[in-house]
Amino acid sequence: MLILSVDAVEDFDKRKAGNADPQELDKQTGQRLWAVSLLDPTAQQGRREIKVKIPADVQPVPPAGLMAPAEFEGLQVIPYLDSNRAKPRVAIAYRATGFKAPARSRQTS
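In short: position in the sequence shown from 1, add 17, done, that's the working numbering.
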């Protein structure tokens, strides 16, 4: 997977109310929430982009930059019921505590 961007997660209720800082805060830590957009070119169409939320006081920086692979620390896969649709379905949310530099692949001789 390749990192496309790291963006602030907006709290639409705060934005609607005219709050000067509409960024969503993590309910557990109180830190700002950031969404890391990832591209999986091997996934089927419509499922190629994945978002992983990271709570942090400042915007996390991918160790190898954008359009490069990265590994996540503390990655969690969280299933939930998406009832905001005409036909509810099970969906998956991704959450991590941060990035770490990707492990180097070993070459065999």
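Backbone N, C-alpha and C fix where the C-beta goes; we use that ideal spot for every residue, glycine too.
Everything numeric in this text was worked out from a predicted model, so none of it was measured.
Alpha carbon to alpha carbon, how far is residue i from residue j?
i      : j      : result
Ala118 : Gln48  : 23 Å
Ala87  : Val53  : 11 Å
Leu98  : Asp28  : 20 Å
Arg65  : Leu19  : 11 Å
Tyr111 : Asp30  : 22 Å
Met84  : Ala120 : 16 Å
Pro96  : Phe116 : 22 Å
Ile67  : Asp74  : 22 Å
Gln40  : Thr46  : 14 Å
Arg123 : Arg32  : With a pLDDT of 38 at Arg123, under the threshold of 50, the modelled position of that residue is not reliable, and the figure given next carries that caveat. The straight-line gap from Cα to Cα measures roughly 47 Å.
Are residue i and residue j touching if we call contact CB-CB under 7 Å?
i     : j      : result
Val69 : Ala108 : no
Pro72 : Asp43  : yes
Val23 : Gln76  : yes
Leu21 : Leu56  : yes
Per DSSP, which one or two residues make a beta bridge with residue i?
i      : result
Val69  : Val53 and Tyr111
Glu27  : Gln40
Arg106 : Asp99
Val94  : Tyr111
Leu21  : Answer is none; Leu21 lacks a bridge partner.
Lys117 : Glu88
Give a yes or no on whether 7 Å exceeds the smallest Cβ distance from residue i to chain B.
i     : result
Lys68 : Absent from the structure is chain B; it holds one protein chain and no more.
Exercise for the section: Specify whether the region 19–38 and the region 95–107 touch according to this definition: at least 3 beta carbon pairs, one from each stretch, less than 8 Å apart. Expected result: no
Exercise for the section: Would you check if there are 3 or more beta carbon pairs closer than 8 Å linking the region 81–95 to the region 57–64? Expected result: no
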